[in-house]
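Peer 1:
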Amino acid sequence: MLASLVVLGILFPVLRVLGAARLERADLVINNGAEVSSLDPAAVSGVPEGRVMYSLYEGLTVRHPKTLEPLPGMARAWEVSEDRLTWTFQLREEARWSNGDALGAEDFAWSWKRLLLPETAATYGYQLWYIEGAKDFTQTPSNTPQDRWWFDGERYLHWSAERPESLRAGLHRFGQPWRKLVHEPGSREELMQALAAQLGRAELQGPGVARRNPALFEAQAGAQEPAALLSKDPYFGGWLLELPLAGRSLAEATRGWLPEPEAREELFWPRVGIQVKDAHTLQVKLNAPTPFFIELVSFYPTFPVHRATLERARREYPSTWQVEWIKTGTIVTNGPYVITERRINDRIRVRKNKHYWDRDNVAMESIDLLALEHYGTMLNLYLTGGADWIDKCGPNLIPRMLPREDFTPVPYLGTYFYRINVHKPPLDDKRVRRALALSIDRLAVCQKITKKGELPNWALCPDNLPGYQRPDMPHAPVDADYGNYAAALASDREEARGLLREAGYGPGGKPFPPIEILYNTSEVHRDIAEVLADDWRNELGIDAKLLNQEWKVYLASQRSVDFDLARSAWIGDYADPNTFVDLFVSDGNNNRTGWANADYDALVEAARVEPDKLQRLDYLAQAEAILMDELPVLPIYTYVTQNLVNPRLGGFHENLQDDHFPKFFYWMSDAELEAKRAAQAPGQLPAEAPGPSAGLYSPNQQRAQQEAH
Amino acid sequence: MLRFLLRRLGLFALTLLAVISVSFFLMRSVRGGPFSSERSLDVVVERNLEARYHLDWPLWKQYLQYVGPVNMDERGPVWLGGDGTDALGGVLVGDLGPSFKYKDFTVNDIIAQSLPLSVALGSVALGWAILLGLSTGIASALHRGTRIDLGLRLLATAGIALPNFVIAAILILVFVFALDWFPVAGWGTPAHLILPGLALGAPFAAYISRLTRTGMLEVLSEDYIRTAHAKGLHPRTVLLRHAIGGGILPVITYLGPATAGVLTGSLVIERIFNIPGTGSHFINSALNRDYTLAMGVTILYTVLVYSLNTLVDLAYTLIDPRIQLEDS
């Protein structure tokens, strides 16, 4: 009796789970590599998230799967003004949301406002800061119930009862960067005058006390890094007004003394350069000519979200709306596919969106995006036909995969490098940094450790940015086939030893203090750090120790520049050198080396406002040349892609950004596959190319129809 | 019985509170936060993100908010300065909070999605572990000192010594690539659970086998077994009616923690076979600094271990009349 109860108790959940789980194989199965953190385009950053975004949403433009050139998306046409500052997008009238609602310029304006609102806390909100007033809109104080504003079109007064006992107020100029405020706090008189003016009095007789903001005062005295301080007190200027509340509420305390606050959005939004001209025309004004802006509007942070769904969730579920509007079955999107199934750590199943404007050119009826992280498992699944494209290949298996036709790595927009703490002696000496950079055997790293055909790199930018002449750090020239690599390396190392002697180290000089190489837990990072340590020990006599930290701890160390040398990498957001060069401006969030150079900042700024394309790239190249002379970073190599793709998958192309768009995917016919194979380089091992005819896939009438056209 | 259960319940509340408090403060003392990434956030954005999850509050207030039962934020009761839209919240009312990493889900959602799968996988693993472990253990004990005993003990030692990912790799090589009997990974049909179940249960089967053998040997040398034999009972009756009950007591003790272990500790197997159970959350939530999810699975584990141990204690009295609850 008991036994049979136990057996039933076990069998029931097993059967229930299995019953609920049964899904037919999708037309296309992709390994997405990780569970995505959200389906909200404003909340995500990361490659796996990107693939889901490109399936479910569409921006103003889409990109060509091979060349990445902008193609019409939600916008059917666009034009840019002579001065390259005003962009006008014509949205297509037939654009619909996945529930059939019409989609227009208003949807984009609202979604972009949402992206920029500080309370959305969008990771990638800064992608729209190229728009006039957008950055200030995000950085003006947050919209908590304690915050109040008053705005005269130029300056705004912000007050808040953050602490229960007193009210604080600060005066700011709209459009002035916070960091400038730190160094040039508004005067006490200005604050008092502003308060008085808006009270309609000649002079302020309020009960408060104005005093220097201690946090910002310290910053002026150079006691702390401005960035560290801003995180403490980013919202108040150099002068604070403190008013005891004495137990009263903020409204009570300021009644008749400070005016009723206005809604923040109404105050600041009109000053942001996003305008709805008519139902299908969106106009955007930029701060400066931004040649890559047209790429940004195809990048997922700028994708629209469905306002009605979100607002309904907010009304119906005041406490849990953040997870309600995005539930499968509730969420409304505008891309080529809609989500039908979502299981954490398992898969996202999408099916074709029947309201999508270009539905006739969407071939796959359904796609599965799996969340496999284990190298062995994804390869097993791929080799047994369970997945058609896996985005990673385990390092041990690369030599065996390289000869295959379905594994063709190409360089893309990513650089592997080391950051140096330039304030830590002896690394504060540029000669020492250059000596370290010159003595690294980059080819050994690429050929013996990473093995996929990565390119040794002597600059921050990869070598494949269109139109850009990358300035390498000065080093002995190396042939394209690396024929003279050994000789070039030997001469570089000779120079390195000389530099170190010049700096006063080595035989006859000071002993070189031991240095630490920081990396995050990973076999490949460890192996590369070992090569570097060996090179420096053998060539320069430097004692370099390895320091391994778990990912989040490593990030914290990097952020506080608490290291000697730290492994780093950067994947470009768009195909322009700015995405790399911009990292190392003096107060850059991602600088993390302590390096600051006024000439560099000036060149990056000059490039930002330069309308002429060539001149602009030239400024950026000059800036990168300064970086490669000063070397707060040690470039190592350029990344390559590592996709294993069913050769029959059409619409998939290896490209500069390793971005792939499910909209374009289809299954090739035998004839097309033959033609493709005939065109590719000889000697590649053919791989199995199962397709709809293998019986694995649902009938693909759409593609047949297309071919009939 | 009722007194026993009530006392257990009281102890359970205390244990749970201790576990929550210690792990809450321990986790917050670790370096690195849930929102750090290769790309630094703008300070203002970061501040707003922290505000959204109340990370800008003093730690004691965050702790009270997490434990509940009263919501400390703007939705909380009016007497705490809130607007009263949602006065209750926190663990005490069963709300484990939103996940920091998987922003579209609450921790309750995540556990509700993954636990049934872990139960399914764990049932298969434990089921065959018990079946195989008991039968080989009994056979070993009955044939003590023979080649059968030696062979089975060797096998059991191997099962304990080999890590389950090695067993998984062997199973995949044989049953997927050589024989093509089972799918390589994923879930959805009973066939998907066989290989991971085998791999997950193997060490448990081996351990149960050894426990059974030891227990049975001890019981078989007891006086009452000799008496039973002397009465002229059939050897099978002696074994089934008199020996097994006492012989498998150590196994019963082991089943409590084993069940909890199988349900929650299947990280490696879940990864290799891509089964989205709870196992991976135990490690990943800590690595991601997903505070609420890490707390959620810690609480889940505490509840599982505690209730399974209580069940084990209850099972003792059913099997061995010499044991009474009041003594335990």
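From first to last, the protein sequence lines stand for chains A and B. Counting along the first sequence from 1, when you hit position 681 you're at 680 in numbering that gives the first Met the number 0, and nothing is skipped either side. Counting along the second sequence from 1, when you hit position 289 you're at 288 in numbering that gives the first Met the number 0, and nothing is skipped either side. Glycine included, every Cβ here is placed at the ideal spot set by N, Cα and C.
Whose C-alpha, out of L368(A), K353(A) and L369(A), is nearest the C-alpha of A362(A)?
Peer 2: Residue 362(A) sits at position 363 when you count from the first residue of the first sequence. Out of L368(A), K353(A) and L369(A), K353(A) has the C-alpha closest to the C-alpha of A362(A).
Peer 1: Restricting to runs no shorter than 4 residues, where is the alpha helix (DSSP H) found entirely within the segment 189-220 of chain B?
Peer 2: The qualifying runs are 189-219.
Peer 1: So, does the segment 127-136 of chain B touch the segment 89-108 of chain B, judging by three or more C-beta pairs under 8 Å?
Peer 2: No contact exists between the segment 127-136 of chain B and the segment 89-108 of chain B.
Peer 1: Could you give the first and the last residue of the continuous beta strand (DSSP E) run that contains T280(A)?
Peer 2: Numbered from its first residue, the first sequence carries residue 280(A) at position 281. Taken as a continuous stretch (DSSP letters only), the beta strand (DSSP E) holding T280(A) covers T280 to K284.
Peer 1: Does any residue of chain A have a CB that is nearer than 9 Å to the CB of E37(B)?
Peer 2: Taking the first residue of the second sequence as 1, we reach residue 37(B) at position 38. Yes, E37(B) lies at the interface with chain A (some Cβ there is under 9 Å from its Cβ).
Peer 1: To which residues of the same chain is S28(B) closer than 7 Å at the C-beta, ignoring the five residues directly before and after it?
Peer 2: Along the second sequence, read from residue 1 onward, the residue named residue 28(B) stands at position 29. Excluding residues within five positions, none has a Cβ falling inside 7 Å.
Peer 1: Starting from the beta carbon of L554(A), find every residue of chain B whose beta carbon is closer than 8 Å, and list them in chain order.
Peer 2: Locating residue 554(A) in the first sequence gives position 555, where the first residue counts as 1. By Cβ distance, chain B contributes G31, S35, S36 and E37.
Peer 1: Nearest CA to the CA of G244(B): which residue from V21(B), L292(B), L197(B) and E221(B)?
Peer 2: To locate residue 244(B), count along the second sequence from 1; it is residue 245. The shortest Cα separation from G244(B) among V21(B), L292(B), L197(B) and E221(B) belongs to E221(B).
Peer 1: Is R2(B) helix, strand or coil when you go by DSSP?
Peer 2: Within the second sequence, the letter at position 3 stands for residue 2(B). R2(B): helix per DSSP, three-state reduction.
Peer 1: Which residues of chain A have a Cβ atom closer than 7 Å to the Cβ of Q112(B), listed in chain order?
Peer 2: As a first step, residue 112(B) is located in the second sequence; it is residue number 113 there, counting from the start. The contacting residues are R342 and I343.
Peer 1: Can you give the beta carbon distance from T258(B) to G278(B), rounded, assuming they're within the 8 Å contact cut?
Peer 2: Counting from one through the second sequence, the residue named residue 258(B) turns up at place 259. Counting from one through the second sequence, the residue named residue 278(B) turns up at place 279. No, T258(B) and G278(B) are not in contact; Cβ-Cβ is about 14 Å, not under 8 Å.
Peer 1: Give me the DSSP bridge partner(s) of K544(A).
Peer 2: To locate residue 544(A), count along the first sequence from 1; it is residue 545. Its beta-bridge partners are E515(A).
Peer 1: Would Y101(B) pass as an interface residue toward chain A - the criterion being a Cβ-Cβ separation below 9 Å?
Peer 2: For this step, residue 101(B) is matched to residue 102 along the second sequence. Yes, contact with chain A.
Peer 1: How many whole angstroms separate the CB atoms of A94(A) and W356(A), which I take to be in contact at a CB cut-off of 8 Å?
Peer 2: Within the first sequence, residue 94(A) is the residue found at index 95, counting from 1. Within the first sequence, residue 356(A) is the residue found at index 357, counting from 1. Between W356(A) and A94(A) the Cβ distance is about 5 Å, and since that is below 8 Å, they are a contact.
Peer 1: Nearest chain B C-beta to D39(A) closer than 9 Å, yes or no?
Peer 2: Here the question's residue 39(A) lines up with position 40 in the first sequence. Closer than 9 Å to some Cβ of chain B, the Cβ of D39(A) qualifies, so yes.
Peer 1: Taking 8 Å as the cut-off, does the segment 124-141 of chain A touch the segment 277-290 of chain A (at least 3 CB pairs, one atom from each stretch)?
Peer 2: Verdict: yes, contact present.
Peer 1: CA-CA distance, V43(A) and D277(A)?
Peer 2: Position 44 of the first sequence, counting from 1, holds the residue named residue 43(A). Position 278 of the first sequence, counting from 1, holds the residue named residue 277(A). Rounded to whole angstroms, V43(A) to D277(A) spans 30 Å at the Cα level.
Peer 1: Could you tell me which chain B residues have their CB closer than 8 Å to the CB of H373(A), listed as they occur along the chain?
Peer 2: Translated into positions along the first sequence, residue 373(A) becomes position 374. Simply R270, I271 and N273.
Peer 1: Can you give me the C-alpha to C-alpha distance between V296(A) and G58(A), rounded to a whole angstrom?
Peer 2: As a first step, residue 296(A) is located in the first sequence; it is residue number 297 there, counting from the start. As a first step, residue 58(A) is located in the first sequence; it is residue number 59 there, counting from the start. Each residue's alpha carbon lies about 6 Å from the other.
Peer 1: Report back the beta-carbon spacing between R418(A) and R591(A) to the nearest angstrom; my notes put them in contact at under 8 Å.
Peer 2: Residue 418(A) sits at position 419 when you count from the first residue of the first sequence. Residue 591(A) sits at position 592 when you count from the first residue of the first sequence. The Cβ separation is near 6 Å, so the contact holds.
Peer 1: Within 10 Å of its beta-carbon, does P320(B) have 16 or more other beta-carbons around it, so buried, or fewer, so exposed?
Peer 2: As a working mapping, residue 320(B) is identified with position 321 in the second sequence. P320(B) is exposed by the Cβ-count criterion.
Peer 1: Where does W535(A) fall in DSSP's three states?
Peer 2: The residue given as residue 535(A) occupies position 536 in the first sequence. Helix, per DSSP.
Peer 1: Given a threshold of 16 other Cβ atoms within 10 Å of its Cβ, counted over all protein chains shown, does T637(A) qualify as buried or as exposed?
Peer 2: Translated into the one-based positions of the first sequence, residue 637(A) becomes position 638. Looking at its Cβ environment, which holds 16 or more other Cβ atoms inside 10 Å, T637(A) is buried.
Peer 1: How is E340(A) classed by DSSP in three states: helix, strand or coil?
Peer 2: Here residue 340(A) is taken as the residue at index 341 of the first sequence, counted from 1. E340(A): strand per DSSP, three-state reduction.
Peer 1: Please report the residue range of the beta strand (DSSP E) in which T252(B) lies.
Peer 2: Residue mapping note: residue 252(B) aligns to position 253 of the second sequence, counting from 1. No beta strand (DSSP E) contains T252(B), which is instead part of the alpha helix (DSSP H) from L248 to T263.
Peer 1: Which residues mark the beginning and the end of the alpha helix (DSSP H) in which E501(A) is found?
Peer 2: Numbered from its first residue, the first sequence carries residue 501(A) at position 502. Y484 to E501 is the extent of the alpha helix (DSSP H) around E501(A).
Peer 1: If you check the beta carbons only, do P646(A) and E404(A) fall under 9 Å apart?
Peer 2: Reading the first sequence from its first residue, position 647 is the one you call residue 646(A). Reading the first sequence from its first residue, position 405 is the one you call residue 404(A). Yes. Within cutoff.
Peer 1: Rounded to whole angstroms, what's the CA-CA distance from E493(A) to P290(A)? Just pull it up for me.
Peer 2: Residue 493(A) sits at position 494 when you count from the first residue of the first sequence. Residue 290(A) sits at position 291 when you count from the first residue of the first sequence. Their backbone Cα atoms lie some 42 Å apart in a straight line.
Peer 1: Beta carbon of F164(B), beta carbon of V267(B): below 9 Å?
Peer 2: As a position in the second sequence, residue 164(B) is number 165, starting the count at 1. As a position in the second sequence, residue 267(B) is number 268, starting the count at 1. Yes, they are a contact pair.
Peer 1: Since V175(B) meets chain A, which of its residues come closer than 9 Å, beta carbon to beta carbon?
Peer 2: Reading the second sequence from its first residue, position 176 is the one you call residue 175(B). Near V175(B) (Cβ distances below 9 Å), the residues of chain A are N379 and T383.
Peer 1: Contact criterion: CB-CB distance below 9 Å. Does P182(B) meet it with respect to chain A?
Peer 2: As a first step, residue 182(B) must be located in the second sequence, where it is residue number 183. Yes - at least one Cβ of chain A is within 9 Å of the one on P182(B).
Peer 1: Please list, in chain order, the residues of the segment 71-86 of chain B that have any C-beta partner in chain A closer than 8 Å.
Peer 2: Listed by position along the chain: E73, R74, T84 and D85.
Peer 1: Who are the Cβ neighbours of L655(A) in its own chain at under 7 Å, not counting the five residues just before and after it?
Peer 2: Here residue 655(A) corresponds to residue number 656 of the first sequence, with the count starting at 1. Only L67, Y411, L412, N463 and A574 meet the Cβ criterion.
Peer 1: Give the DSSP bridge partners of T332(A), in chain order.
Peer 2: Counting from 1 along the first sequence, the entry for residue 332(A) is found at position 333. Its beta-bridge partners do not exist; DSSP assigns none.
Peer 1: Which of helix, strand or coil does DSSP assign to Y315(B)?
Peer 2: The residue given as residue 315(B) occupies position 316 in the second sequence. Looking at Y315(B) - three-state DSSP - the assignment turns out to be helix.
Peer 1: Relative to the alpha-carbon of D478(A), which residue among R342(A), A487(A) and A434(A) has its alpha-carbon at the smallest distance?
Peer 2: Numbered from its first residue, the first sequence carries residue 478(A) at position 479. Measuring from the Cα of D478(A), the nearest candidate turns out to be A487(A).
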